[in-house]
Structures are given as structure tokens and as C-alpha cells.
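Since the structure comes first, as C-alpha cells, the remarks are kept for the end.
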Amino acid sequence: MDIKAENITVTIEGKDVLKGQSVHATPGETLAFVGPSGCGKTTLLNVLGLLRRVDGGQVHVGGRDATRWDDRRRRRFWQQHAAFVFQDYGLIDEESVEYNVALSQMPIFGLVKRHRAGIESALDRVGLVGRAGEKVSTLSGGEKQRVGLARAMFRSADVIFADEPTASLDLDNRNLVTLFLQEEAARGAAVIIATHDEALIKACDVSLRLGSAVVAKPRLANPAEGYSD
Ligand SMILES: Nc1ncnc2c1ncn2[C@@H]1O[C@H](COP(=O)(O)OP(=O)(O)O)[C@@H](O)[C@H]1O
Ligand SMILES: [Mg+2]
13 MDIKAENITV TIEGKDVLKG QSVHATPGET LAFVGPSGCG KTTLLNVLGL
63 LRRVDGGQVH VGGRDATRWD DRRRRRFWQQ HAAFVFQDYG LIDEESVEYN
113 VALSQMPIFG LVKRHRAGIE SALDRVGLVG RAGEKVSTLS GGEKQRVGLA
163 RAMFRSADVI FADEPTASLD LDNRNLVTLF LQEEAARGAA VIIATHDEAL
213 IKACDVSLRL GSAVVAKPRL ANPAEGYSD
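Numbering (the working numbering) for the sequence shown: 13 to 241.
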């Protein structure tokens, strides 16, 4: 399923966070939004994921104009096609890892064997094997993000949205997550990533550098140097 944004403008408190931005995400491809903090990466990700309305331009999802889809149609898109890997977003802290991976596909009478096997293999892929029963509230930030990845895999989402998916991970897990996102694209997902991780950017098929940051703060010569994640 491809997602296309044309001439997007988003204005927040009088300033244009995005102005005339166009982008096309296609199945089988990893696409990275890059640029310094505050340049609008997360905002553009939210626009493509239909989580934020635009002040100008159009968003097309699978060839359809989704710019003004109502809540019902957007919810259908989120449930049937999309997976979001955002920090502090979309996980239910008081539920188990397993529940969160299966979320929205959880059968009313509980998990059957087939689901359990799928969940275990997804957790295995993201380095969380044997953790299915743990409460999400007890996990670290990086582990929570990987629960989000496992969910994306379990759901075989057509589009994966990942906001700084390698932030707060050590090198081994950054490599694991990078490989995971590439493999999801290889099975046919459109993978859209906001990141300032240089290694992840290099691993992506396409990168889109967003315009100059709208927040006035000193710039580092190399943006990657400023972040310890
Ligand atoms: N809800 C909001 N209220 C006020 N300003 C916002 C909001 N969301 C984003 N912004 C501003 O929009 C700009 C882009 O933000 P964001 O998309 O989060 O950038 P990035 O992800 O590249 O760091 C920033 O200046 C940010 O402060
Ligand atoms: Mg951001």
C-alpha cells in the first residue's frame, strides 16, 4: 500500500512546521525522514499515518484521497493496515507484552496456540524472547519500542511508521531493529522512519532531508554528534 503526501502544509501556533512538503512511500521500501531536531520529522510521520490533519495539501493512501477521512475510516486504516512504533505511544502499560503485541487482534476467548507461536516468533525477532508474560510497565524505553516492532511484525502491517526506533538502544539492538525494518520492507511493507541515527539512515533505501529547523537553537556541524542514543 503506498502513501503519498502532496504539497503538505502544517501550521502550528502561526509557524509553518511543514510547507509544501511532498513525499511518496512505496511498498517494499524503507524511507527515512532526516534532519535536525524540530525540523518536522515526527509531524510528517503523523501526517502520513493520518494521526494529524493538514492545513494544506493532500494525503493519498492506497490511491485514495485520505485527507479528509473521518474517524471511522482512519480507524479502519490503523487497524487493518498500519503499525506505529512510537516511543510512549500505543502501548497499554498495565497489560502484558503478549497482550500488547496481539492488541486489536486479540480473540475474545483468549489466544490460541497459533497466535502464541506467532507472538513468540515476533518477540524472538526483536530480542525479547521469553518475555511475553511481563507487564509492559516494567520494561525499559528501548524494550517498549521493541514491543511495538514485534506488534508490527505480528500484524504483518502494510505500512510501518517508526519514530526514532533506534533511540535509547545499545549498538546490538540498534542493529537488530535496523535489520528488522529492512526485513519488513523486504516482505513488502512500506516502512517510514523518522530518525537522526546515521547508520539507520544509511541502511534505508531513500532518505528525505526536511527543511531547516523551525526552532532557533545552535546547530551542530554533524547532527548525529549531538545525540547519544
Ligand atoms: N503540538 C505541538 N504544539 C506546538 N508545537 C509543536 C507541536 N508539535 C510540533 N510542534 C513544533 O513543530 C516543530 C516540528 O516538530 P517535530 O515534528 O516534532 O520535529 P522533529 O520530529 O523533527 O524533531 C517543532 O518546532 C515543534 O516544537
Ligand atoms: Mg521527532
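Each residue gets a CB set at the ideal place from its N, CA and C atoms; glycine is no exception.
### Task
Identify, in the order they occur along the chain, each residue of the same chain with its Cβ nearer than 8 Å to the Cβ of leucine 103, setting aside the five sequence neighbours on each side.
Excluding sequence neighbours, leucine 103 sits near Asn112, Val148, Lys156, Val159, Gly160.
### Beta-bridge partners of valine 97, as assigned by DSSP
Answer by DSSP bridge pairing, in chain order: Ala174.
### Message
What does the Cβ neighbour count give for lysine 53, buried or exposed, with the cut at 16 atoms within 10 Å?
### Response
By the neighbour-count criterion, in which 16 or more other beta carbons inside 10 Å mark a residue as buried, lysine 53 falls on the buried side.
### Query
Based on Cα-Cα distance, which residue from Lys16, Ser180, Thr55 lies nearest to glycine 153?
Measuring from the Cα of glycine 153, the nearest candidate turns out to be Ser180.
### Query
Buried or exposed: which applies to isoleucine 24, given that a residue is buried once 16 or more other Cβ atoms fall within 10 Å of its Cβ?
Flag for isoleucine 24 reads exposed.
### Query
What are the boundary residues of the beta strand (DSSP E) that includes valine 109?
Not the beta strand (DSSP E): valine 109 falls in the alpha helix (DSSP H), residues 109-114.
### Task
Have a look at aspartate 182 and leucine 62 and give me their C-alpha separation to the nearest angstrom.
The alpha-carbon separation between aspartate 182 and leucine 62 amounts to approximately 31 Å.
### Message
In the DSSP assignment, the beta strand (DSSP E) including aspartate 182 goes from what residue to what residue?
### Response
First-last for aspartate 182: undefined, no H or E at that position.
### Task
Out of Leu57, Leu140, Gln194, Ala144, state which residue places its alpha-carbon closest to the alpha-carbon of aspartate 217.
Minimum Cα-Cα distance from aspartate 217 among the listed residues Leu57, Leu140, Gln194, Ala144 corresponds to Gln194.
### Query
To the nearest whole angstrom, what separates the beta carbons of valine 109 and arginine 143, a pair I think is in contact under 8 Å?
Correct: roughly 5 Å between the Cβ atoms.
### Query
Who are the Cβ neighbours of glutamate 162 in its own chain at under 6 Å, not counting the five residues just before and after it?
It should be pointed out that residue 162 corresponds to alanine in this sequence rather than to glutamate. Correct list, in chain order: Val113, Ala134, Leu135, Val138.
### Rounded Cβ spacing between glutamate 196 and valine 189 (contact assumed at less than 8 Å)
Their Cβ separation, rounded to whole angstroms, is 11 Å, which puts glutamate 196 and valine 189 out of contact at 8 Å.
#### Entry: Near ligand 2: threonine 178 beta-carbon under 7 Å from a heavy atom
Flag unset: Cβ of threonine 178 not near ligand 2.
### Query
Roughly how many angstroms lie between the CA atoms of alanine 201 and aspartate 67, to the nearest whole one?
Roughly 28 Å separates the two Cα atoms.
### Query
Identify the residues that DSSP records as bridge partners of valine 22: which are they?
Its beta-bridge partners are Leu30.
### Task
Rank Ala44, Leu60, Thr38 by C-alpha distance to the C-alpha of asparagine 19 and give the top, closest one.
Comparing alpha carbon positions, the residue from Ala44, Leu60, Thr38 closest to asparagine 19 is Leu60.
### Same chain only: Cβ atoms within 6 Å of alanine 174, ignoring 5 sequence neighbours per side
Same-chain partners within the cutoff: Val97, Ile205.
### Query
For ligand 1, is there a heavy atom less than 7 Å away from the beta-carbon of alanine 201?
Checking every heavy atom of ligand 1 against the Cβ of alanine 201, none is found closer than 7 Å.
### Query
Rounded to whole angstroms, how far is the Cβ of valine 46 from the Cβ of arginine 221, which I believe are closer than 8 Å?
Arginine 221 and valine 46 do touch by the CB rule: their CB atoms are close to 5 Å apart, below 8 Å.
### Message
Assuming threonine 79 is part of the beta strand (DSSP E), what are its boundary residues?
### Response
Where threonine 79 is concerned, there is no enclosing beta strand (DSSP E), given that its DSSP letter is neither H nor E.
### Query
If you draw a straight line from the alpha carbon of valine 22 to that of glutamate 132, how long is it in whole angstroms?
CA-CA distance, valine 22 to glutamate 132, rounds to 40 Å.
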